[in-house]
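Remarks on the structure that follows.
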Amino acid sequence: MKLLTHNMLSSRCIKGVSVGYPLKISAKNVRLVNCDFDTDFTVRIIQKLDWNALWEAAESVGHADDIPKNLSDIDDYDKNDEFLRKVHHVVLEVEVIEGELECPETGRKFPIEDGVPNMLLNEDEV
Amino acid sequence: METPFTNHLSFEHIYEPAEDSFLLMDAIEADDCWLRETVKPTICLEIGSGSGIVCSAVAKFLKVFCLATDINSLACRATRETAQRAEVIVECVNADLVKPVVTGKIDMLIFNPPYVPTENYEVASSNIAHTWAGGLNGRQVMDRLFPLLPELLSERGVLYLVLLEQNRPQEVERILQMQGLKCQIVMKRRAGIEKLCVLRASKAKII
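Chains as they are written, first to last, in my numbering: chain A, 628 to 753; chain P, 50 to 256.
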């Protein structure tokens with residue numbers, strides 16, 4: 628599970644949960660991979676991200692130093708190549724292979740196995 | 050649009066790509082210019098990716114970040130293998146429809162649903178039938194998605210949905226229009242006894 632994927636997931640579908648975001652990551656096994664960098668794509672992805680959630684996720688897998696806590700700390704980020712490459716690295720090249728995602732409201736844990744989060748719910752949770 | 054290889058997969062438990070899969074890819078390919086120039090999708094989501102053939106083809110063709118969900122964990126694995134072989138990124142989540150996906154981020158939504166009219170008890174079964182059993186009028190699964198569309202799709206979001214004639218495409222169009230989406234049947238094809246079409250529903254401007 629890449630951190631970009633984590634940024635798109637919530638547990639709001641659980642009965643009784645009002646926000647369910649962001650999910651907390653506890654990672655047992657993290658892997659780094661190589662993905663081709665694309666400036667335009669990275670700029671567009673940043674516009675989709677919840678930055679706070681990304682930073683918290685990066686921190687939970689030991690990559691908080693790669694990116695600033697606040698996006699506003701960077702002027703003209705779309706022209707800052709060094710910054711964009713760091714964002715690319717954090718959102719696409721860091722993968723949680725084994726671990727758990729946790730609902731911030733109920734504590735319900737969703738396992739991540741072989742890089743795939745299992746977010747299937749039980750009947751009584753829906 | 051290149052067709053990704055799927056000969057590395059076994060189709061005992063996941064849907065083997067067929068005419069409906071290829072029709073969906075052809076419909077998206079036909080919208081090439083509009084997608085690249087007007088929609089400019091950043092995030093694409095395929096519901097029920099199965100073998101991963103469609104999302105992998107789209108990821109390669111449009112250079113868009115592809116997310117996929119599938120209720121079957123074997124399909125999640127298959128999707129990832131197909132994407133790896135096609136040298137694209139597809140991230141798969143084991144989930145029912147779009148339940149864990151946050152709202153307002155999806156620019157492109159792709160769905161080849163279980164559309165075959167069947168008895169209701171065959172829907173969401175634990176065997177291969179879940180990949181095609183659609184209950185009454187074949188609409189039982191896709192009907193659960195429709196009310197979620199306005200929130201799920203981004204302001205320029207577009208849905209490509211495979212339908213069978215028995216799914217009552219005009220009725221589906223009316224339902225989606227009531228959700229504020231602009232609808233059009235963009236492609237039709239006959240495959241054996243099946244009369245298939247692809248419905249495009251969008252929030253964005255259609256040229």
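The beta-carbon is built from N, C-alpha and C at its ideal position, and this holds for glycine as well.
Please read all numbers here as calculations on a predicted model, not as lab measurements.
- Ranking A/P649, A/D705, A/L711 by CA distance to the CA of A/N679 puts A/P649 first.
- Excluding five sequence positions before and after P/N186, the CB atoms of its chain that fall closer than 7 Å to its own CB belong to P166, Q215, N216, R217, given in chain order.
- Taking a cut-off of 8 Å for Cβ pairs, the segment 53-69 of chain P and the segment 237-244 of chain P touch, as three or more such pairs fall below it.
- Per DSSP, P/I177 is not a residue of any alpha helix (DSSP H), being assigned neither H nor E.
- Neighbourhood of A/R671 in chain P, by CB distance below 7 Å: T91, in chain order.
- With a cutoff of 7 Å on beta-carbon distance, P/S105 and P/A132 are scored as near each other.
- Along the segment 141-158 of chain P, going in chain order, the ones with a CB nearer than 7 Å to a CB of chain A are C141, V142, N143, A144, D145, K148, P149, V150, V151, K154.
- For A/T632, the nearest CB of chain P lies under 7 Å from its own CB, placing it at the interface with that chain.
- Annotation note: the segment 128-177 of chain P contains the following uninterrupted beta strand (DSSP E) runs of length 3 or greater, listed N- to C-terminal: 139-143, 155-160.
- For A/L747 and P/R126, the gap between their C-alpha atoms comes out near 15 Å.
- Annotation note: the segment 697-746 of chain A contains the following uninterrupted beta strand (DSSP E) runs of length 3 or greater, listed N- to C-terminal: 721-729, 736-740.
- Excluding its 5 nearest sequence neighbours in each direction, A/V644 has C-beta neighbours in its own chain below 8 Å: S638, C730, E732, T733, listed in chain order.
- Residues S653, K736, F737, P738, I739 of the same chain have their beta carbon placed closer than 7 Å to that of A/E727, with the five preceding and five following residues left out of the count.
- P/S59 and A/N661 have their C-alpha atoms roughly 28 Å apart.
- The beta carbon of A/H690 sits closer than 7 Å to the beta carbons of V717, V721 from its chain, once the five residues preceding and following it are set aside; these are given in chain order.
- Between A/F664 and P/K112 the beta-carbon gap is near 13 Å, outside 8 Å, which marks them as no contact.
- Assigned with DSSP and collapsed to three states, A/M635 falls in coil, not helix or strand.
- Contacts with chain A (Cβ-Cβ distance below 8 Å) from the segment 94-121 of chain P involve K112, F114, L116, I120, listed in chain order.
- Against chain P, a Cβ distance below 9 Å from A/N745 picks out S122, C125, V142, N143, A144.
- The Cβ atoms of P/L248 and P/L197 do not sit closer than 7 Å to each other.
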